[in-house]
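Below: the structure, in structure tokens.
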Amino acid sequence: WGLLLLTAALVLGRTAAAHCPPPCVCDNLRAHILCLNGSLTAIPNTIPQLTKKLDLRGNSFMVIPAGAFLATPYLTHLDLQRCKLERLEEGAFRGLGRLVYLNLASNSIALLYQESLDGLSSLQQLILTGNRIEEIQPGAFGHLGSLTVLDLRANALVYLPDMVFQGLQVLKWLRLSHNALHVLGSEAFAALPALRRLSLDHNELQALPGEALARLEGATQLDLGHNPITYVAEEALAMASLKNLFLHHAALQDVAPDAFSRSPQLRTLDLRENQLQGLPPLAGVGRLMRVSLSGNPLLCSCLLRPFHEWLVRARVQVEGACAAPPALCGRHLDSLRLQEMRCGHPQLLPSPAAALEQPRAAGSRQCPQGCTCSPDFRHGSCENKGLREIPRGFPRDTRLLDLRRNAFGTVPAGAFPGLKELVSLHLQSCSITALRPGALRGLESLVYLYLTDNSLSTLAAAAFEGAPQLAYLDLDRNTFTRLPTSTFQLLPNLISLHLQHNAIRELVEGNLAGAQGLRWLYLAGNAIRHIAPAALAPAKMLEKLHLEGNRLAEVPTAALRGLAALSELKLSRNPIKRLGDGAFLPVASSLQHLYLDNMGLERISHGAFAGLGPKIRSLYLERNKMSNIPDMSNFTGLEILNLRDVPFRCDCQLLPLHRWIDKLNLRVGATCGSPAEARGLKVKLSTTFQTCPGWGRGKVGGTSPDKAKTASKPSKKKRLGKSPARGFKKSRA
């Protein structure tokens, strides 16, 4: 039987080799096919039927149509990362009943239809990280009865409806980190009996979603870090099997004594980097072993004595140090003695009774007529009600207010009275032409402000008076023709600024005054022709600068000076024809991702990339007009290099590029545009270089002209050491 199986494998390998579709690489024996970083726009229909592993990363499919893989029913692994996918048609994967691994990460999928994943009955891992998924239709996962890992990190999910994960009977790990989740339906996790780990960190949850989490009776680990949760109420968490709870880097100010009493198996409680001045003794957690309070402003007065006594009595290890009073500042909690914890300044911390009563009393339950208010989630909504004035009378403890798609026109001064706890305000598509001075007055907890799709053309700094915590400001698709000078003076905590698809013509000195903490600046799709040398200077912490789709005729090198943290620069779709020497020198020590595609670029000087090197991880130069590029041999850290649709002249001047590409473990898509005999050939495979002086230098054993063809092929030893697809055979097409 062993001999028969080996013979069959060899026969199948020869069959696969015979049908290896261009421009793919095939592993004959293991029935693997790689078609990486190419220009494929459709799934190849010549893939051998018996293929088991298919890697299509870095192509341009846009859509996976119904039945796209019906010809390859034996697939077990399918990788479609970075394929510019926007849509999965219903039935796209029908027929892949043996598939166990599907990777769709880093695409642009916005919606999962009910039948998009139909036919994947054996699938165990589904990776959807880094898409734009805003909505999951009920039933989308209904056919994935074997799935154990579902990865939905870094999408745009805001809401999880009831029963959204129905059908995932054996799912063990659900990853929802780095979304924008505000609300979870009470039955969102009702159909996950086998779930052991849930990751909800880096979202916008403003209250512990206790009712939804109570359905997870078997979950042992829950990560809720980096959410703006301020309070954990009585019996808020009822998870019978929970052992590890992570609530670090949130906004916690208080925790009720019996907050975790219905999670009796809890072993580890991570509350690092919150705003806690203390904790009460925790009830009902007899198995708790460790509490981490590092990074909290702990007040080690007599009010902390009950908690300290409980730690000793329950033999719970604690991490954390006192922030006050001054005499105890820096002292670790486990080193304190009771007599040191005095009450000389009791006003700094409310009494335990007052701390418990305050959340209960915060805000009445009134709600403006025609709107809906959720007391459990502290959310208010008047979306698409045809309102012409901003309604008043929301509960004082409201954290999220959704007023999208109304017709307010202006936002007057004091428009949101009494909403001191408001964190997120949605005013998209409200026909707003002006924010009056004092419009946000009193919103002292506001972090997120969405003003997309309005008619704003100017902003006064006084409009942001009273909202000092604002960190995310979205002004995309308005009518700005310039950045109003000094607008951001009153926003010291601003991190992210969206001004895409406006009509901004230039950036001048003073535009970003006061934005010293800004990290992400999005200016794509404007009409920017000029950036003054000092225009970006205040934003010394800037990490991402998106300038694609503007009218810049040159790289704004002078404006990049002082941006020592800049890691991502997008200049795509600007009419930049030439890159001069030292174009990126000011950010050479930090830059990792550089986008220079679709610019009509005609010439890159020899020193254009001076200073850039091992730190560069991705470089996009596709769809330009230059015929050569300078030496890039020190770009040793590249993970992505795109040189597609560039008309390279494959003569002796391009020999260094040919040699460099030949050594890369990347598919770069570089093709010859001239001379005529080489047009359309891959630069890596062109034979026009064989007549160049020095062609043999660096080749194994040297060459003579009559052996150039043989020498141009890497030795077997080199192939085994360098090729990313060891043992693979290239298609001769």
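Count the sequence shown with mature numbering (1 follows the signal peptide of the UniProt record, and there is no 0) and you get residues -17 to -1, 1 to 716, in order. Glycine included, every Cβ here is placed at the ideal spot set by N, Cα and C. Given the structure is predicted, the values throughout are model-derived calculations rather than measurements.
Would you mind stating whether residue 471 and residue 498 have Cβ atoms separated by less than 8 Å?
A contact, by the Cβ cut-off of 8 Å.
What does a CB cutoff of less than 6 Å around residue 62 pick up in its chain, not counting 5 residues either side in sequence?
38, 40, 86
Check whether the Cβ atoms of residue 78 and residue 44 sit closer than 8 Å, and answer yes or no.
no
What residue range is occupied by the uninterrupted beta strand (DSSP E) comprising residue 221?
Run containing residue 221: none; DSSP gives neither H nor E here.
Cα-Cα, which of 32, 90, 59 is closest to residue 47?
90
Quick one: is residue 154 buried, meaning 16 or more other Cβ sit within 10 Å of its Cβ, or exposed?
buried
For the segment 222 to 232 against the segment 382 to 395, are there 3 or more C-beta pairs whose distance is under 8 Å?
no
Closest to residue 512 by CA distance: which of 478, 465, 525 is it?
The residue with the shortest Cα to Cα distance from residue 512 is 465.
For residue 569 and residue 431, I'd like the C-alpha separation in whole angstroms.
32 Å
Cβ neighbours of residue 441 in the same chain (closer than 7 Å, five flanking residues each side left out):
Excluding residues within five positions, the ones whose Cβ falls inside 7 Å are 467.
Using 8 Å for Cβ pairs, my map puts residue 123 next to residue 140. What's the rounded Cβ distance?
Taking 8 Å as the upper bound for CB-CB distance, residue 123 and residue 140 are not in contact here, some 12 Å apart.
Would you kindly check if the distance between the Cβ of residue 651 and the Cβ of residue 625 is under 8 Å?
yes
First through last residue of the beta strand (DSSP E) which encompasses residue 8
8 to 10
What residues in its chain sit with their C-beta under 6 Å from that of residue 184, if we drop five residues either side in the sequence?
A distance below 6 Å between beta-carbons, with the five flanking residues on each side excluded, links residue 184 to the following residues of its chain, in chain order: 160, 206, 208, 209.
Spatial neighbours of residue 49 within its chain, please: CB distance less than 8 Å, with the 5 preceding and 5 following residues excluded, ordered by chain position.
72, 73, 74, 75, 77
Quick check on the DSSP output: what are the complete beta strand (DSSP E) runs of length 3 or more inside the segment 112 to 148, in order along the chain?
132 to 134
What residue does the beta strand (DSSP E) around residue 392 start on, and which one ends it?
Per DSSP, residue 392 belongs to no beta strand (DSSP E) and is neither H nor E.
Boundaries of the beta strand (DSSP E) in which residue 527 is found, first to last residue:
527 to 529
Less than 6 Å between C-beta atoms, sequence neighbours within five positions excluded: which residues of the same chain meet that for residue 527?
503, 551.
Environment of residue 3 [buried if 16+ CB atoms lie within 10 Å]:
buried
For residue 291, is the classification buried or exposed, using 16 other Cβ atoms within 10 angstroms of its Cβ as the cut-off for buried?
buried
Pick out whichever of 255, 264, 228, 239 has its Cα sitting closest to the Cα of residue 249.
228
Identify every residue that forms a DSSP beta bridge with residue 414.
For residue 414, which the question treats as bridged, DSSP gives no partner whatsoever.
What is the residue span of the beta strand (DSSP E) that residue 253 lies within?
251 to 253
Can you list, in chain order, the residues of its chain with a C-beta nearer than 6 Å to that of residue 194? Leave out the 5 residues immediately preceding and following it.
169
Can you give me the C-alpha to C-alpha distance between residue 416 and residue 439, rounded to a whole angstrom?
5 Å
With a threshold of 7 Å on Cβ separation, who are the neighbours of residue 690 within its own chain once the five nearest residues in sequence on each side are excluded?
In this prediction, residue 690 has a pLDDT of 38, which is less than 50 and means its spatial position is unreliable; nothing more can be read from the coordinates.
Return yes when the Cβ of residue 610 is within less than 8 Å of the Cβ of residue 632, no when it is not.
yes
Could you tell me which uninterrupted beta strand (DSSP E) segments, each at least 3 residues in length, are contained entirely in the segment 160 to 205, listed from first to last along the chain?
Segments of the beta strand (DSSP E) lying fully in the segment 160 to 205: 180 to 182.
When the distance is taken between beta carbons, is residue 274 closer than 8 Å to residue 254?
It is a contact, given that the beta carbons lie within the stated cut-off.
Taking the alpha-carbon positions, what's the residue 179 to residue 199 distance?
Spanning the two alpha carbons is a distance of roughly 8 Å.
Pull up the CB-CB distance for residue 373 and residue 386, whole angstroms please, since I reckon it's below 8 Å.
7 Å
Beta-carbon proximity of residue 530 to residue 553, cut-off 8 Å
yes
Any chain D beta carbon closer than 8 Å to residue 404
The chain inventory of the structure shown lacks chain D, comprising one protein chain alone.
Taking the alpha-carbon positions, what's the residue 542 to residue 520 distance?
7 Å
Does the distance from the CB of residue 518 to the CB of residue 491 come in under 8 Å?
yes
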